[in-house]
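Participant: So the protein sequences, as listed, match chains A and B.
The working numbering numbers the first residue of the first sequence as 2 and each following residue consecutively.
The working numbering numbers the first residue of the second sequence as 250 and each following residue consecutively.
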Amino acid sequence: MNNNAVKNNIERRDLLSRVAGQTYLWLLLVVLYAPILLIIIFSFTKSKVFGNWTGFTFGLYENLLTGYDTASQVRVDPNLYRAMFYTAVIAVIAALLSTLLGTLAAIGIYNLRQRTRRAVTFLNSVPMINPDIITGISLFLLFVFLGISRGLLTVVIAHVVFCTPYVVLSVMPRLTKMNPNIYEAALDLGATPAQALRKVLVPELWPGMVSGFILSLTLSIDDFGVTFFTKGSNGLETLSTFIYADARKGGLTPELRPLFSLIFLTILVLLVIMNIRSMRQAKKAGR
Amino acid sequence: MKRIFYSLLALCLALPALADRAHTLKVYNWADYIDMDNVLDKFPEWYKEQTGEEVQVIYQTFDINESMLTEIEVGHEDYDVICPSEYIIERMLRQGLLLPINKDFGGTPDYTRLVAPFVQDKFQQMSPEGSGINVSDYTVGYMWGTTGWLYNPEHVQASDLRSWGAISDPKFKGHIFVKDAFRDVYSVMVLYAYRDEIARGEVTRDELVAHITPERIERVEQVLMKAKDNVAGWEVDFGKEEMTKGKAWMNLSWSGDAQWAIDEAEEIGVTLEYIVPEEGSNVWFDGWCIPKYAQNTKAASYFINYLCMPQNAILNMEEIGYVSVIASPEILEWADDDEIETTADLSYFFGEEATEVHANQVLYPDLGVIKRCALMHDCGDRTTDMLAMWNRVKGDNLNSTMMILVIVIVLAIVIFVVVRAAGKRRQRNQQNRKRQNYKK
Chain A
2 MNNNAVKNNI ERRDLLSRVA GQTYLWLLLV VLYAPILLII IFSFTKSKVF
52 GNWTGFTFGL YENLLTGYDT ASQVRVDPNL YRAMFYTAVI AVIAALLSTL
102 LGTLAAIGIY NLRQRTRRAV TFLNSVPMIN PDIITGISLF LLFVFLGISR
152 GLLTVVIAHV VFCTPYVVLS VMPRLTKMNP NIYEAALDLG ATPAQALRKV
202 LVPELWPGMV SGFILSLTLS IDDFGVTFFT KGSNGLETLS TFIYADARKG
252 GLTPELRPLF SLIFLTILVL LVIMNIRSMR QAKKAGR
Chain B
250 MKRIFYSLLA LCLALPALAD RAHTLKVYNW ADYIDMDNVL DKFPEWYKEQ
300 TGEEVQVIYQ TFDINESMLT EIEVGHEDYD VICPSEYIIE RMLRQGLLLP
350 INKDFGGTPD YTRLVAPFVQ DKFQQMSPEG SGINVSDYTV GYMWGTTGWL
400 YNPEHVQASD LRSWGAISDP KFKGHIFVKD AFRDVYSVMV LYAYRDEIAR
450 GEVTRDELVA HITPERIERV EQVLMKAKDN VAGWEVDFGK EEMTKGKAWM
500 NLSWSGDAQW AIDEAEEIGV TLEYIVPEEG SNVWFDGWCI PKYAQNTKAA
550 SYFINYLCMP QNAILNMEEI GYVSVIASPE ILEWADDDEI ETTADLSYFF
600 GEEATEVHAN QVLYPDLGVI KRCALMHDCG DRTTDMLAMW NRVKGDNLNS
650 TMMILVIVIV LAIVIFVVVR AAGKRRQRNQ QNRKRQNYKK
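1. Please report how far the alpha carbon of B:D630 lies from the alpha carbon of B:I461, in whole angstroms.
2. Where B:A365 and A:T231 are concerned, what is the direct C-alpha to C-alpha distance, given to the nearest angstrom?
3. Here's the rule: buried if 16 or more other CB atoms are within 10 angstroms of the residue's CB, otherwise exposed. What is B:Q508?
4. Opposite B:F534 in the DSSP bridges: which residues?
5. Take the Cβ of B:W533 as the centre, count every other Cβ of all protein chains shown within 10 Å, and call the residue buried at 16 or more, exposed below.
6. Can you tell me which of B:H272, B:V288, B:D329 and B:F311 puts its alpha carbon nearest to the alpha carbon of B:E303?
7. At a CB-CB cut-off below 8 Å, which residues of chain A make contact with B:D535?
8. Restricting to Cα atoms, I'd like to know which of B:F552, B:R684 and B:F431 is closest to B:A637.
9. Would you report the Cα separation of B:L289 and A:A96, rounded to the nearest angstrom?
10. Going along the chain, which residues of its own chain have a beta-carbon closer than 6 Å to the beta-carbon of A:V273, five neighbours each way excluded?
11. Secondary structure at B:P463, three-state DSSP: helix, strand or coil?
12. So, are the CB atoms of A:V1 and A:T136 less than 8 Å apart?
13. Please work out which residues of its chain come closer than 8 Å, Cβ to Cβ, to B:L410, disregarding the five sequence neighbours upstream and downstream, and give them in chain order.
14. Are any of the Cβ atoms in chain B nearer than 8 Å to that of A:D133?
15. Note down, in chain order, each residue of its chain lying with its Cβ closer than 6 Å to the Cβ of B:D605, except the 5 sequence neighbours on either side.
16. Quick check: the Cα distance between B:G355 and A:D223, rounded to an integer number of angstroms?
17. To the nearest angstrom, report how far apart B:K291 and B:Y308 are at their CA atoms.
18. Under 7 Å Cβ-Cβ, which residues of chain B neighbour A:K49?
19. Mapping DSSP to helix, strand and coil, what is B:I539?
20. Nearest by alpha-carbon distance to B:D535: which of B:M375, B:I511 and B:K352 is it?
21. Between B:G324 and chain C, is any beta-carbon pair separated by less than 8 Å?
22. If you count every other CB in all the chains shown that lies within 10 Å of the CB of A:N5, and 16 or more means buried, which is it?
23. By the 10 Å Cβ neighbour count, where 16 or more other Cβ atoms means buried, how is B:A603 classified, buried or exposed?
24. Looking at chain B, which residues of the segment 216-228 of chain A have a Cβ within less than 9 Å of any of its Cβ atoms?
25. So with CB distances below 7 Å, who are the chain B contacts of A:G52?
26. Measuring alpha carbon to alpha carbon, tell me which of B:Q680, B:I313 and B:E322 ends up nearest A:T242.
27. Roughly how many angstroms lie between the CA atoms of A:K284 and A:V32, to the nearest whole one?
28. Count the C-beta pairs between the segment 105-112 of chain A and the segment 145-160 of chain A that are closer than 8 Å, then say yes if the count reaches three, no if not.
29. Check the Cβ of A:F141 against every Cβ in chain B and list those closer than 7 Å, keeping chain order.
30. Is there contact between the segment 333-351 of chain B and the segment 375-391 of chain B, where contact requires at least three CB pairs shorter than 8 Å?
31. In the DSSP assignment, what are the bridge partners of B:A623?
32. Can the beta-carbon of B:D594 be found closer than 8 Å to that of B:D615?
33. Evaluate B:F552 with the Cβ neighbour count: other Cβ atoms within 10 Å of its Cβ, from every protein chain shown; 16 or more gives buried, anything less gives exposed.
34. Among A:L257, A:R278 and A:L220, which one has its Cα closest to the Cα of A:T100?
35. Would B:A507 pass as an interface residue toward chain A - the criterion being a Cβ-Cβ separation below 8 Å?
36. Examine the Cβ distances between the segment 480-496 of chain B and the segment 573-582 of chain B and report whether three or more of them are shorter than 8 Å.
See below:
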């Protein structure tokens with residue numbers, strides 16, 4: 002009798018915790034994805050005011066891809082395309098540079114003595130904790146002080162500044178896990194330090210470098226505060242600064258809705274592919 | 250790999266392929282504030298016709314006056330022509346940050362003369378005291394407007410909105426949106442707060458709006474505090490959308506924004522209207538000027554002249570929905586629309602013949618309304634007080650109970666962490682001692 006009651010209690014508690022867990026999970030997913038879903042839904046209607054549904058149409062996608070709105074004979078703001086282009090260019094360059102810099106820095110930090118290492122690691126974490134605005138304004142003042150005119154160069158420098166610490170953080174775990182004798186073994190076997198770096202260290206650190214690179218890409222595309230203050234007066238805009246000025250009057254340009262949807266779709270597809278690949282690799286390794 | 254990297258780097262540092270600085274014109278304007286296809290893009294062609302020189306236009310947009318001012322003041326950015334609001338023009342004149350516009354256009358007619366005298370007079374009020382500067386030498390107006398109530402006639406009657414006091418009317422609780430612009434809200438609410446004094450002739454509207462005293466800030470704060478619970482939100486850009494969707498019934502906003510909302514709402518079948526209450530309102534202006542660090546002042550002056558051409562003014566007005574300061578016979582003809590039944594006295598703008606014009610009164614208010622409007626000025630030293638008042642009204646500040654609560658929570662967390670760390674250390678020491686005992 003007692004056993005049955007206890008079992009029922011346990012089952013009921015299990016069911017309850019499962020239901021509660023599932024509800025919480027779904028609630029979280031809805032809160033996270035509802036805004037994106039809304040944008041995707043409203044990218045299929047041509048109203049200027051977000052939230053008004055004026056009929057299903059691919060019109061906005063057409064406008065975005067051709068740069069021209071045939072209905073009202075108006076060009077889509079060309080600054081939008083330039084902003085997209087520069088966002089991508091700055092992200093790639095900044096990510097490449099900061100991956101390079103971050104990897105070298107991580108190798109250097111790894112070879113320091115314990116005390117200096119802790120100090121430098123602390124210094125490394127400062128740009129990460131610092132709010133964007135502070136980094137942006139201080140770089141702005143620095144460039145003004147040094148007389149460097151603000152433009153593409155300063156934006157790339159600024160992005161490298163705040164992306165490098167994250168690369169260091171991605172690469173360090175690979176360094177600590179790595180067998181420290183590999184490098185010496187390579188030297189013993191006749192490799193020059195440069196060859197050892199290229200053929201032994203880099204392949205070991207490669208996963209950390211890749212994840213650092215992707216992280217830098219994301220951070221750079223996402224950034225507003227730093228870019229805003231360092232972009233200067235040469236017509237340089239990234240997507241975030243363009244949208245910031247655009248939102249001021251008349252609401253967001255409708256063509257941004259299909260743009261967001263396409264970006265979201267691209268990232269979703271990439272993630273799915275990456276996950277499928279790593280699942281396949283895990284299966285292969287498991288066998 | 251290296252080759253790809255270096256070529257990419259070189260490619261990107263070379264972009265954009267700029268013409269040399271002497272043949273570039275850097276324009277800095279609000280977003281969505283010019284007709285890009287028909288006006289902006291045709292400028293290099295027009296400039297070549299007039300002067301025989303090439304020019305490449307780099308067009309950038311800013312979100313608020315202050316970020317534009319910071320870039321120029323602190324960053325010494327070399328924009329050639331900018332479009333600030335009137336109070337920033339006033340501030341820049343005072344700080345010597347503007348260059349005079351060179352109106353010696355050679356064979357090209359000077360279209361800047363076509364700016365309505367009404368506007369030029371108001372501009373002259375912005376001249377720094379004792380400087381004798383003729384403001385029209387430094388800036389040419391672009392668009393102007395008033396501040397008023399954008400409302401939905403289905404839910405709100407025009408008669409309810411004859412006063413700014415409607416902001417505290419409990420009938421509209423939760424359906425009122427107010428622009429998060431402390432300068433504009435102050436200047437209309439001060440006219441409301443002092444309406445009796447104005448009626449008795451003790452003080453003029455110009456005086457109230459131009460000279461900000463602690464006493465006036467106090468009175469406005471009282472009015473706004475009473476209205477605070479009534480107001481649904483302080484918005485910058487989504488008020489228009491709320492109005493077109495019918496969620497908001499009233500929006501305290503600018504006439505240009507109101508016109509945009511009215512047009513948008515018409516497309517989905519909602520009617521909106523705009524009214525300026527009887528206590529009065531402010532007139533606001535944007536103006537083109539040449540900042541101090543500009544490097545192509547010739548093209549800048551020509552650009553400003555180009556925008557004053559009546560056909561360009563009309564194209565801009567139709568594209569962005571605001572109303573231009575240019576008053577020429579072509580504009581009067583454009584504004585006179587027989588489909589509009591009511592007439593307005595626009596003699597203050599177009600001259601003596603324009604006493605009965607069938608014009609859209611959102612864009613071109615009647616003379617009676619204009620007489621009750623005052624020009625806003627730079628707050629100057631009073632800016633901190635105004636901002637403090639505005640923050641209190643919007644409820645951005647923490648009151649003392651919240652502060653105490655926050656401090657208590659933070660202390661509790663700190664104490665918890667410290668105690669746990671101490672506990673762990675004690676545990677570790679105990680284990681070490683035990684181990685030493687075993688070794689013995």
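No residue lacks a Cβ here, since even glycine has one placed at the ideal position from N, Cα and C.
Facilitator: Considering the structure as presented:
1. Approximately 9 Å, taken between the alpha carbons.
2. In this structure, the alpha-carbon of B:A365 lies about 39 Å from that of A:T231.
3. With 16 or more Cβ atoms within 10 Å of its Cβ, B:Q508 is classed as buried.
4. Note: B:F534 sits in a beta bridge opposite B:W393.
5. By the neighbour-count rule (16 or more Cβ atoms within 10 Å), B:W533 is buried.
6. Of B:H272, B:V288, B:D329 and B:F311, the residue nearest in Cα terms is B:H272.
7. Listed along chain A, no residue sits closer than 8 Å to B:D535 by beta-carbon distance, the nearest being about 12 Å off.
8. With distances taken between Cα atoms, B:A637 lies closest to B:F431.
9. B:L289 and A:A96 have their alpha carbons spaced roughly 36 Å apart.
10. Within its own chain, no residue has a Cβ closer than 6 Å to the Cβ of A:V273 once the five positions on either side in sequence are excluded.
11. Here B:P463 sits in helix by DSSP.
12. Nothing can be reported for residue 1 of chain A: it is not among the residues displayed for chain A, which extend from 2 to 288.
13. Scanning its chain for C-beta atoms nearer than 8 Å, with the 5 sequence neighbours on each side dropped, one finds around B:L410 the residues W398, Y400, M499, I524 and P526, in chain order.
14. Contacts with chain B at 8 Å (Cβ-Cβ) do not include A:D133.
15. Going by the sequence as given, residue 605 of chain B is Glu instead of Asp. So the list reads T592, once near-sequence residues are dropped.
16. The straight-line gap from Cα to Cα measures roughly 49 Å.
17. For B:K291 and B:Y308, the gap between their C-alpha atoms comes out near 13 Å.
18. E513, listed in chain order.
19. In the three-state DSSP reduction, B:I539 falls in the strand class (E or B).
20. Taking only the C-alpha atoms, the option nearest B:D535 is B:M375.
21. Of the chains in the structure shown, none is chain C; the protein chains are A and B.
22. Under this definition A:N5 is an exposed residue.
23. Under this definition B:A603 is a buried residue.
24. Legend: CB atoms of the segment 216-228 of chain A lying less than 9 Å from CB atoms of chain B are not found in any residue.
25. Proximity of chain B to A:G52 at the Cβ level (cut-off 7 Å) is accounted for by E490 and K494, in chain order.
26. Out of B:Q680, B:I313 and B:E322, the CA that lies nearest to the CA of A:T242 is found in B:I313.
27. Computed Cα separation, rounded: 33 Å.
28. By the criterion of at least three beta-carbon pairs nearer than 8 Å, the segment 105-112 of chain A is not in contact with the segment 145-160 of chain A.
29. For A:F141, the chain B residues whose C-beta falls within less than 7 Å of its own C-beta are G324, listed in chain order.
30. Verdict: yes, contact present.
31. In DSSP, B:A623 forms a bridge with B:N531.
32. The answer is yes: Cβ separation under 8 Å.
33. Label assigned to B:F552: buried.
34. Out of A:L257, A:R278 and A:L220, A:L220 has the C-alpha closest to the C-alpha of A:T100.
35. No, B:A507 lies away from the interface with chain A (no Cβ there is under 8 Å from its Cβ).
36. In short, these stretches do not touch, since the Cβ pair count stays below three.
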